[in-house]
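Take a look at the structure below.
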Amino acid sequence: MAGAVVGATIADLHSQRRETMEGGRTVYTEPDRIIIRDPGGQAYVRGNDLYRFRYGARDIRTDTVGGETRTVVIRPDGSEIITVVGTDGRLMRRIRRDPRGREVIIIDNTYRDPRAVGGFYVDVPPPVVNIPYDRYIVDAQEASPDVIYQTMVAPPVQRIDRRYSLDEIRYSPNVRMQMPSIDVNTIIFETGSWTIPPDQAARLQVIADGLNQAIQRNPREVFLIEGHTDAVGNEVDNLSLSDRRAQSAAELLTQQFGVPAENLTSQGYGEQYLKEQTQGPSAINRRVTIRNITPLLNGGQASLPPPPPGTAPPR
5 MAGAVVGATI ADLHSQRRET MEGGRTVYTE PDRIIIRDPG GQAYVRGNDL YRFRYGARDI
65 RTDTVGGETR TVVIRPDGSE IITVVGTDGR LMRRIRRDPR GREVIIIDNT YRDPRAVGGF
125 YVDVPPPVVN IPYDRYIVDA QEASPDVIYQ TMVAPPVQRI DRRYSLDEIR YSPNVRMQMP
185 SIDVNTIIFE TGSWTIPPDQ AARLQVIADG LNQAIQRNPR EVFLIEGHTD AVGNEVDNLS
245 LSDRRAQSAA ELLTQQFGVP AENLTSQGYG EQYLKEQTQG PSAINRRVTI RNITPLLNGG
305 QASLPPPPPG TAPPR
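In our numbering, the protein residues as written are 5 to 319.
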């Protein structure tokens with residue numbers, strides 16, 4: 005998935021989108037992401053976030069071995085961010101290597117828990133939430149900087165009984181919902197656009213401060229930035245648009261506020277999770293949400309590195 009997107013609204017993409025059928029699935033290909041609709045009607049988007057890592061890089065090297073593509077982004081301080089993707093463009097691993105050669109695994113998306121069954125959707129019950137609602141889904145516009153930071157480092161709302169892959173977290177709402185989240189309603193997207201207006205960018209300062217503080221405390225933290233749309237428009241447009249909104253927020257957090265790109269990952273959900281139940285235009289629904297997914301990736305052991313494949317999570 006390579007190429008540049010021309011334009012800055014979803015309408016500009018229509019001429020760049022190609023539709024094909026692959027094994028019963030409908031695949032919509034755009035220059036920098038794909039939307040897949042399964043035979044059962046379920047649709048999801050998969051983007052390529054390598055673009056986020058090019059900002060400020062001293063050098064970038066890419067090579068392909070055995071079907072895996074390994075991209076090494078070398079930063080001015082000599083540290084390296086290594087991203088490995090599979091033949092289908094899916095992220096496999098992300099590693100940070102410091103100037104001395106010491107490596108930290110940020111994301112290992114190749115791990116499959118022995119209890120995992122089927123595909124990437126995990127059918128678990130909704131979590132039991134015993135904390136106040138306004139501390140479970142935090143309103144960034146109303147919350148203090150301390151509450152935002154505390155939410156970013158808060159534990160799961162219930163015990164995590166196994167490790168989840170990044171894909172399982174992305175595509176399983178009840179898995180994600182085990183972690184508190186922050187609705188970044190301080191920025192408003194125009195209909196059909198993923199651009200963050202310059203006069204609104206500064207409103208991400210408090211979010212960025214919380215993220216940087218949390219990552220300084222634990223350099224292995226991983227935060228998922230989720231993009232959402234209102235219900236206006238079609239499903240394919242909204243999935244692409246929401247994914248671009250999430251990526252725009254991630255790029256801005258890195259480029260303007262210095263949040264390490266490797267500690268962020270993004271995913272769009274289109275109109276699946278409306279906050280305001282309306283089929284019409286809604287600024288409330290055009291939003292991004294942030295949550296810490298480290299405990300989900302590491303089986304509840306947020307401060308520990310992922311165990312090697314084939315081992316059970318510590319109890």
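The C-beta atom is built at its ideal place from N, Cα and C for all residues, glycine as well.
About 7 Å separates the beta carbons of L95 and L170, which is inside the 8 Å limit, making them a contact pair. DSSP places G214 within a helical segment (H, G or I) once states are collapsed to three.
N113 and G303 have their C-alpha atoms spaced approximately 13 Å apart. Beta bridge pairing from DSSP links N296 with F227. Across the set D203, G71 and V49, the C-alpha of V49 shows the shortest separation from the C-alpha of R248. A straight-line Cα-Cα distance of about 36 Å links N216 and R41. Secondary structure note for T233: it is in no alpha helix (DSSP H), with a DSSP letter that is neither H nor E.
Cβ-Cβ separation between I191 and R207: approximately 6 Å, consistent with a contact (criterion under 8 Å). R62 and P80 do touch by the CB rule: their CB atoms are close to 5 Å apart, below 8 Å. Collapsing the DSSP output to three states places Y32 in a strand. Between G231 and S286, the beta carbon gap of about 15 Å keeps them out of contact (Cβ cut-off 8 Å). Your pair Y32 and V240 checks out as a contact, with CB atoms roughly 5 Å apart and the cut at 8 Å. According to the DSSP assignment, Q154 belongs to the alpha helix (DSSP H) that extends over P149 to M156. Residue state for T24 is assigned as strand, using DSSP reduced to three classes.
Within the same chain, V161 come within 7 Å of I135 by CB-CB distance, once the 5 residues on both sides are set aside. Judged by DSSP in its simplified three-state form, I38 adopts strand.
Counting C-beta atoms within 10 angstroms of its own C-beta, E84 has 16 or more neighbours from the protein chains shown and is therefore classed as buried. At the C-beta level, F261 and A218 stay beyond 8 Å of one another. Contact between I78 and E266 fails: their C-beta atoms lie close to 13 Å from each other, not under 8 Å. In chain order, S185, D187 and E230 place their CB closer than 6 Å to the CB of T293, counting only its own chain and leaving out the 5 sequence neighbours on each side.
As the crow flies, the alpha-carbon of N52 is around 24 Å from that of G82. Taking the Cα positions, V76 is about 29 Å away from Q20.
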